[in-house]
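Peer 1: Quick one: structure below, then a few questions.
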Amino acid sequence: MQVVKEDYLEEIILFHLIQNCNIKTLKSFVKSSKFIKNRYDIDYYSIENRKMIKSLIQEGDIIEAISLTKEHFPELLSNTSELLFKLECQIFIEYIRNSKTTLALKYGHSNLYKYTKISKEYLGIVESIFSLIAYEDPTLSSSSKYLDIIRREELAEYLNDEILKFTEKDLNFTRPTENINLGNLMKQTTIVINEENPKKKWNLHDEIEKLDKEQNNKVSLLMVDDMEEID
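Here our numbering = 1-based position in the sequence shown + 1441.
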């Protein structure tokens, strides 16, 4: 039977918080863990930049997200990378979503045409999103899936993961494998711990939520103390 060490669990939580840019909870967690504090040098500035970029994509501001990515992680986006292709396609899609057809056409011809010469896959995608222009109501197009708001979330997560792989700056530490799936790892850890303690159900996601609540409570108490001092 497997034995889960406390240090191992703390590293799982650490990677989860860093990947998801939970900065407040991360600071609280690092402060409370001697093992993490002594082993890792957390780059909060890098995490904050990733968080801003991720939020911009989720809000549909892809142009600003690209600008910040180039500013803070300049070597990540090459002129014809798959990542840049996805980002530039999303810019076109956002123009369509906001009924800015003229801008979409101009942007598409200036920035997407080059990709059609790279591969048939890229050509097919460009042709599909360009077909959205043919419809007065793009949601009626056979390519309307590209307008689904979930694409923003998927793109935000994709870029976030690519930045982590590219830099590893948040931890100043190289992860054991680039293919690690934190979600599956957390599930497996939960199963192992529950096998060890069948009478007491344990869930790693719940533990992380507790950390979030504790951090929020601390912030609330500090605000109350500040107000009392002002009075």
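For glycine and all other residues, C-beta sits at the position ideal for the given N, C-alpha and C.
Do you know offhand how far I1453's Cα is from K1475's?
Peer 2: 15 angstroms
Peer 1: If distances are taken between C-alpha atoms only, which option among L1524, E1562, T1510, I1574 comes closest to T1543?
Peer 2: I1574
Peer 1: Measuring CA to CA, which of K1558, T1580, E1577, S1584 is closest to S1569?
Peer 2: S1584
Peer 1: When the distance is taken between beta carbons, is L1509 closer than 8 angstroms to L1518?
Peer 2: no
Peer 1: Report all residues from its chain with a CB closer than 7 angstroms to the CB of T1615; omit the five preceding and five following residues, and keep chain order.
Peer 2: With a pLDDT of 46 at T1615, under the threshold of 50, the modelled position of that residue is not reliable, and the figure given next carries that caveat. If we look at T1615 and ignore the five residues flanking it on each side, its Cβ neighbours are E1609.
Peer 1: In chain order, what residues of the same chain have a beta carbon less than 7 angstroms from the beta carbon of Y1548, not counting five sequence neighbours either side?
Peer 2: I1532, F1533, Y1536
Peer 1: Indicate whether the contact test is met: 3 or more Cβ pairs, each with one atom in the region 1592-1609 and one in the region 1491-1510, closer than 8 angstroms.
Peer 2: These segments touch.
Peer 1: Just verifying my parser: in three-state terms, what is the DSSP assignment at P1579?
Peer 2: helix
Peer 1: Taking all protein chains shown into account, decide if Y1485 is buried (16 or more other Cβ within 10 angstroms of its Cβ) or exposed.
Peer 2: exposed
Peer 1: Starting from F1514, trace the alpha helix (DSSP H) in both directions and tell me its first and last residue.
Peer 2: Here F1514 belongs to no alpha helix (DSSP H), and DSSP marks it neither H nor E.
Peer 1: Helix, strand or coil: how does DSSP classify T1618 here?
Peer 2: Here the model assigns T1618 a pLDDT of 44, short of 50, so the residue's position is not dependable, and the following value carries that caveat. Of the three classes helix, strand and coil, the one that applies to T1618 here is coil, per DSSP.
Peer 1: Could you spell out where the alpha helix (DSSP H) holding Y1548 opens and where it closes?
Peer 2: From DSSP, the alpha helix (DSSP H) with Y1548 extends over 1542-1548.
Peer 1: So, is I1559 buried or exposed, given that buried needs 16 or more other C-beta atoms within 10 angstroms?
Peer 2: exposed
Peer 1: From what residue to what residue does the alpha helix (DSSP H) around E1568 run?
Peer 2: Counting along the chain, the alpha helix (DSSP H) containing E1568 begins and ends at 1561-1571.
Peer 1: In terms of alpha-carbon separation, which member of R1592, F1607, K1606, K1472 lies closest to E1500?
Peer 2: R1592
Peer 1: When we look at the beta-carbon of T1466 and count the other beta-carbons within 10 Å, is it buried (16 or more) or exposed?
Peer 2: buried
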